[in-house]
Ligand code: CP
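Numbering (the working numbering), first residue to last: 11 to 368.
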């Protein structure tokens, strides 16, 4: 019997693939690693000599810095395989005219020399098609012998979700009977992935919170995601509801998480052979955004939430669009706690998946 049931597993869509008990184990370890960090304990034996490869196909501050710092604190090394300095990994059947190398080759080469590969890809070059990036990561996982860690694709952002659930646990002690609102918010940019809202609908539902998804019509999430949220609510005896009324959702909430994302009906679509069968409609999406400018988190809406309630955002935030300065800089905001907890959550993920010794 394997003594570490996490060893060697991927962290691609753990909101679906890992159990509630496994999330709770991850959270306990993240708390322990955070305590050890706070007392300046040397943890460099935990992943001594292990190598983490990273590939960032989209920009990042928090994820990039905390993975690099985290693996170093655990005694390992970080090698960033910068796009442009390596060949662009291509999915089988999806090769493009520029210099590429098949994912099957990249994954097997890196498996021979490293201990995990972490990837950020939510918008592949010229491929803003919902699900394409997630399928790309799954192809890496198929050919890889080492864990593939999702640092945000176009469907899930599980590292963010684990850090955020750690933050909620720190603030409230447990998840039961706590109302968590994941809400759409306006932004001047329409190119925001679904990863954060989908992971932040699924993870609190899995852990037994009462979740409300607030969004204007047209900003519904992937139906597979909301179906799973309903299943989790039924298993936990909690609730999952959807509304197009932001104020009503905020009433009595313990957590509000207002965040922008795109409108799925306006995205391009492809068939299973990679052929584009529908072009994206950016003008239509922009118009829908502009009609919902009032979906901003301001002090008036924050007065509706529980007196001990908190404001969350994964950052970067679009100030004056998604949220006012008064709210994000105010006493109920925990955005820097969330960013800090990325470090400890990801150290827990790496420790368990990469065979760390405490
Ligand atoms: N929240 C988050 O993933 O931040 P970065 O894009 O800076 O990594």
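Glycine included, C-beta positions come from ideal geometry on N, C-alpha and C.
Item, Value
"Who does residue 128 pair with in a DSSP beta bridge?", "64 and 159"
"May I ask you to list the residues that DSSP assigns as paired with residue 279?", "288"
"Under 8 Å: does the beta carbon of residue 350 sit that close to some heavy atom of the ligand CP?", "no"
"For the ligand CP, I want to know if residue 130 counts as a neighbour, meaning its beta carbon is within less than 8 Å of at least one of the ligand's heavy atoms.", "yes"
"Would you mind sorting residue 188 into buried or exposed? The rule is 16 or more other CB atoms within 10 Å of its CB.", "buried"
"Between the stretch 251-266 and the stretch 215-227, do at least 3 Cβ pairs fall closer than 8 Å?", "yes"
"So if DSSP puts residue 110 in a beta bridge, which residue, or which two residues, is it bridged to?", "98"
"Whose C-alpha, out of 99, 299, 76 and 66, is nearest the C-alpha of residue 90?", "66"
"Compare the beta carbon distance of residue 320 and residue 21 with 9 Å and say whether it is the shorter of the two.", "no"
"Just jot down, in chain order, the residues whose CB lies closer than 5 Å to any heavy atom of the ligand CP.", "70, 71, 72, 73 and 324"
"Can you tell me where the alpha helix (DSSP H) holding residue 143 begins and where it ends?", "142-153"
"Using only alpha-carbon positions, find the residue among 53, 111 and 82 that is nearest to residue 95.", "111"
"With distance defined between alpha-carbon atoms, name the residue in 233, 177, 186 and 100 nearest to residue 5.", "No answer is possible for residue 5: the residues shown for the chain start at 11 and end at 368."
"Check for me: the alpha helix (DSSP H) holding residue 73 runs from which residue to which?", "72-83"
"Mind pulling the beta strand (DSSP E) runs of 3 or more residues that sit fully within the stretch 170-241?", "189-194 and 220-224"
"Once you ignore the five residues that flank residue 11 on each side, which residues in its own chain have a CB closer than 8 Å to its CB?", "The pLDDT assigned to residue 11 is 45, lower than 50, so where the model puts this residue is not dependable, and the model offers no usable value."
"Is DSSP giving residue 11 helix, strand or coil here?", "Any answer about residue 11 is weak, because its pLDDT of 45 lies below 50 and its placement is not dependable; what the coordinates show is given next. Coil, per DSSP."
"In or out: residue 86 buried (at least 16 other Cβ within 10 Å) or exposed?", "buried"
"Residue 316 bridges to which residues according to DSSP?", "Residue 316 is not bridged to any residue."
"Report yes if the CB atom of residue 113 is closer than 9 Å to the CB atom of residue 84, and no otherwise.", "no"
"Rounded to the nearest angstrom, what separates residue 361 and residue 349 at their Cα positions?", "19 Å"
"Going by CA-CA distance only, name the one from 313, 202, 180 and 281 that's closest to residue 404.", "The structure shown does not extend to residue 404, since the chain spans only 11 to 368, so no value can be given for it."
"Three or more beta-carbon pairs under 8 Å between the stretch 289-300 and the stretch 177-185, yes or no?", "no"
"Residue range of the alpha helix (DSSP H) that residue 88 falls in?", "Residue 88 -> not in any alpha helix (DSSP H); beta strand (DSSP E) instead, spanning 87-90."
"What do you get for residue 233, buried or exposed, if any count of 16 or more other CB atoms within 10 angstroms of its CB means buried?", "exposed"
"Measure the alpha-carbon distance for residue 273 versus residue 115 and round it to whole angstroms.", "35 Å"
"For residue 264, I'd like the list of residues in its chain whose CB is within less than 6 Å of its CB, leaving aside the five on either flank, ordered along the chain.", "188, 189, 316 and 319"
"Quick one: is residue 149 buried, meaning 16 or more other Cβ sit within 10 Å of its Cβ, or exposed?", "buried"
"On the CB-based measure, 16 or more other CB atoms within 10 Å of its CB, does residue 339 come out buried or exposed?", "exposed"
"If you measure between the beta carbons of residue 353 and residue 47, is that distance less than 9 Å?", "yes"
"Is residue 334 helix, strand or coil by DSSP?", "coil"
"Closest by CA to residue 267, which one among 51, 305 and 242?", "305"
"What are the boundary residues of the alpha helix (DSSP H) that includes residue 47?", "30-48"
"So, at 8 Å on beta carbons, what are the nonlocal neighbours of residue 79 in its own chain, with the 5 sequence-adjacent residues on each side left out?", "353"
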